[in-house]
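Asks:
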Amino acid sequence: MSDRARTPAPAPPAREPRATNRLWGVVRTPARAAEPLFARAPRAWQRMLPYLLMGAFTAALLPTTIAVLTNDYKAGGGWAGALGVAQTVPLLLAVTRPLAAWGLVLLADTLGALVLVRADQVAGHAWPWTPMVIVGYLALMACLGLRESIRTLVGVWLVTGAVGTALGFFQPGGVMTTVALLFVLSGVVLALTGAVRGLGDAQQRIAEQESISEGERARRTLLEERARIARELHDVVAHHMSVITVQADSAPYRLPGMPDPVREEFEAIAASARESLGEMRRLLTVLRGNGDGPGGELAPQPGLGRVQQLVEATVRAGQPVGLSLAAGAAEALPPAVDLSAYRIVQEALANVVRHAPGARTNVSVTLHADEVLVLVVNGPARDAVTALEGSGTGHGLVGMRERVRLTGGTLDTGPLPDGGFRVAARLPLREPGEPGGPAAQPGPDRPGDPAQPDQPDREAS
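For the sequence shown, position 422 matches number 1008 in the numbering used here, and the numbering has no gaps at all.
1. So the candidates are H826, E988, A804, P714; which of them puts its Cα closest to the Cα of L692?
2. With a cut-off of 8 Å on the beta carbons, I'd call G891 and A916 a contact; round off their distance for me.
3. Count the other C-beta atoms from every protein chain shown that fall within 10 angstroms of the C-beta of S926, then say buried if there are 16 or more, exposed otherwise.
4. Could you give the residue range of the beta strand (DSSP E) that holds L911?
5. Are there three or more Cβ pairs, one per stretch, closer than 8 Å when the region 722-731 is compared with the region 660-668?
6. Specify the secondary structure class of V962 as computed by DSSP and reduced to three states.
7. Going by CA-CA distance only, name the one from V745, I736, A837, R817 that's closest to D787.
8. Give me, in chain order, the residues of the same chain whose beta-carbon lies closer than 7 Å to that of Q932; leave out the 5 immediate sequence neighbours on both sides.
9. In three-state terms, what does DSSP make of V951?
10. Since R783 and G731 are thought to touch, with beta carbons under 8 Å apart, how far apart are those beta carbons, to the nearest angstrom?
11. What three-state label does DSSP hand R704 in the structure shown?
12. Identify whether D787 lies in helix, strand or coil by the three-state DSSP scheme.
13. Using DSSP with H/G/I as helix, E/B as strand and the rest coil, what is P1058?
14. Quick one: complete beta strand (DSSP E) runs, 3+ long, within the region 886-936?
15. Roughly how many angstroms separate the alpha carbons of W688 and E802, rounded to a whole number?
16. Would you give the residue range spanned by the alpha helix (DSSP H) that G741 belongs to?
17. As a quick exercise: from A630, G710, V719, pick the residue whose alpha carbon is nearest that of L771.
18. Please specify which runs of the alpha helix (DSSP H), each continuous and at least 4 residues long, are wholly inside the region 621-667, giving them in chain order.
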């Protein structure tokens, strides 16, 4: 097999969002009615910024408005204070409810214009909208443009012009009318801030689409790699296992006069090979499935109900194994926990066969109130027998730890004083995610996972 076929194509690196993209992502249409401006900003100070700016703006605008009404328009002190408060304090609502703030401010500004009709020095000054009214109104328009729909913004703009036109019928002589000025400026501010908000919405949609595309690319890469592994397993491993099965089944016919113990050995080899082929077919079915649908899970999975057969096959291979299986254990476990328990026993027995052949081994499965204890203990290898493998890759114990972690259980492995080895797995009776079930433990490369101690080479298969 060529190196090219062995090496999967690297997945494209995920692109980091640019600073401008993150900025536009903050300025977008709120998801709910009372959501504050910048509510989805990544940092706390950014989320607080609209409140701070509007609070400071209102605090500066209020005394300035009162001073202008008192000094320039010669409005009475009581009227100036009341109008100043009514025209500026509602601006504090602009961060969360700008439309309600706009209604209150427009009403206060209209009443203020009517009051100023009889002011002592209104002539020669701006009317119906004073300079401070225009400043506050434009700030309110900016808040509206950043969160309201285009239809709402157009309606606000038209109502602003209509109210100014209606006030023109009460216009006193000698004033500088500001109806057209506010109408034009408010339209410009609404258009600009609405465009910024629209750009933020578009950028958010693009980011979501890119995220979906990245996920699809990663999923496609995973499926391609799984298909490649399935092909290699089918072409190489399954082929050799089929050859072993045929040779073991045909040996008694090709070699007449074979002693009965040898014949039984070949029968055991053929049975184990057929079992391995069945496991291989189940694995290929999972690998060739899409990983999300039911297609990959249709093949029946082994569980504790087949531990007896597993032990018998190990005994036929010459390994003395004792089994203590709690009654009803297979029926009491969820499918994922049942499969994990079987695989742990299978891997532990395989380790014994490889690294301590002939060692006396005990397998016990015990049910408790909320967990099942799977315990595999073997003695030291017989001196006259050489281990099949002097050292291992460590994948066996890593695989057992991963299975136990995914079920939310714990695994304890280690050598015994007499030279044997112990594998103890505690698996919960409820799968992670179920009510009352455990949480999956962090993996070996994730924060919070304790480092696993190195194990002797003979168990690390």
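Where a beta carbon is used, it is the ideal one built from N, C-alpha and C, also for glycine.
Replies: From the atom records:
1. P714
2. 4 Å
3. Per the 10 Å Cβ criterion, buried.
4. 907-911
5. no
6. strand
7. Among V745, I736, A837, R817, the Cα nearest to that of D787 is on I736.
8. L896
9. strand
10. 6 Å
11. coil
12. helix
13. This structure cannot settle anything about residue 1058, because the visible part of the chain is limited to 587 through 1047.
14. The region 886-936 contains these whole beta strand (DSSP E) runs: 907-911.
15. 45 Å
16. 736-753
17. Closest in alpha carbon position to L771, among A630, G710, V719, is V719.
18. 630-657
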